[in-house]
Structure formats: C-alpha cells, structure tokens
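In our numbering, the protein residues as written are 317 to 524.
Each remark here refers to the structure printed beneath this line.
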Amino acid sequence: MPLLPEEPQIHESAQGPRATPASGRTAPTPRPVPGPRPAAPPRPGRPGPLRPAPPAQRSSRDTAPVKPGPPAPAPATSATPQIQLIPAPVGGALDAADEAVDLLLDSGRAPGEVLVITTGEQHPWAAHELSFGEASYWAQHEAGDDVFYMGADVATRAASRPVVVVAVNGGSDAAAATALPLALSRAGTLLIVCGDPQQINPVLGAGV
C-alpha cells in the first residue's frame, strides 16, 4: 500500500524532465524554415526589372550601326572634284562664268566658296580691285568671305576652294593648258569650265 503513492510521484517527475527536453526540442524546430520561404517571393520580382533592360540595349545597338554609315560617303565626295563643262565661245566665256557663279550662289553656295579664274582678259571685278593696289586685293583673297576673281597668270597663288570656275576667254593655248590643271588641283568638290570644248577636252580629258 505505501508503494502506490510513490509511483505517481515517480511518473510525475519522469513527465517533468521529459517535458523539459521536449521544450528544448521545440526550440530547434522553429528554426527559420518558414523565414526563407517569404524571401522566395521577391525572387520572381527580380527577373521582372531585368526584362526591360535588354530592350534598352537593343535600341543602342540599332543606333550604333547608323553612325559608321555617314562618315563613309564624306571622303568619297572630297576625293576627286566633279568637272562640268559649259560650252561657250571665247567672247562669251566670261558671261557664262558669271551666270555659273549666280547659279551657285542661288543654290546655297557661300560666296567665299567660289573662285573664278580667267585665261584671257581680267574679270571687271579683279581689274577694279587691283586699281586699289595688290595689297588690298590679296587681302580679300586671304579673307575668303567673297567670290574672288583672278587671272591665270597669278593662279598659282590661289588657295583651294570648294568650287573653282574657269573662263577660257582668250589667251594662248599654253595659258589654258596650265590654268585648267591648276584649277582642278584647287577645286575641292566642283570645277566648272566655260569655253570651247575643243580646246578644253584635250587638256582635262575626253570625259569632261
């Protein structure tokens, strides 16, 4: 009989220590296993911003190939000037040159881009400016802000300009043979020759 009351005490004490290790076991079980799971939902959000990024790169790639395009034609145009022949008699070559200059200016050419060379009689503008002295005459040439007229005898002093107009309005064949190649070397993009084609073609070539 006295053993009966002791047994429940032993069972209670056994249950007590069992509960303590159980409580210790519960501590490791709540390890943040559910904690990392909420971190998973932000992962699908990360690929979202990455998707708009590649289209931005595509747009930059599309503009990149366009840039090398324009510089290529630039050297091609400046490589060799175009040659235009305006048939005119010796007496009308100067008038034809003036008309060509007017057309150039009307088309948008700046006056400083045009140089006019005469093989015979001086252009009235050149004769007028030379009357004030060669210093002021050549000063206007160096300024390069207006159409400049000169004779073939001083064309070696001419600076290069985008457009050169030659009026074969007289002079010897040797003067024309010297002035035309010189004018071609001074022309940046266009050479216009006004005169007799039978005199000009042998000098510049039949392709003129």
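By construction, the Cβ of each residue, glycine as well, lies at the ideal position given by its N, Cα and C atoms.
Predicted model, so just to flag it, every value in this text is computed and none were measured.
As DSSP reads the structure, L431 sits in a beta bridge with F464 and V480. T505 carries a strand assignment under DSSP once its states are collapsed to helix, strand and coil. Annotation: the continuous alpha helix (DSSP H) that includes P518 extends over P513 to L520.
A404 is positioned such that its CB atom lies closer than 8 Å to that of G511.
Contact annotation: A503 and G487 have beta-carbon atoms that are not nearer than 8 Å.
The bridge partners DSSP lists for Q400 are I508. Annotation: T396 to N517 spans about 18 Å, alpha carbon to alpha carbon. Boundaries of the alpha helix (DSSP H) around E445: P440 to L446. With respect to V482, L496 sits close: the two C-beta atoms are nearer than 8 Å. Around T472, the same chain offers L498 as residues with beta carbons nearer than 8 Å, after the five sequence neighbours per side are excluded. With contacts defined as CB atoms closer than 8 Å, V479 and L420 qualify as a contacting pair.
No Cβ-Cβ contact shorter than 8 Å links V470 with V430.
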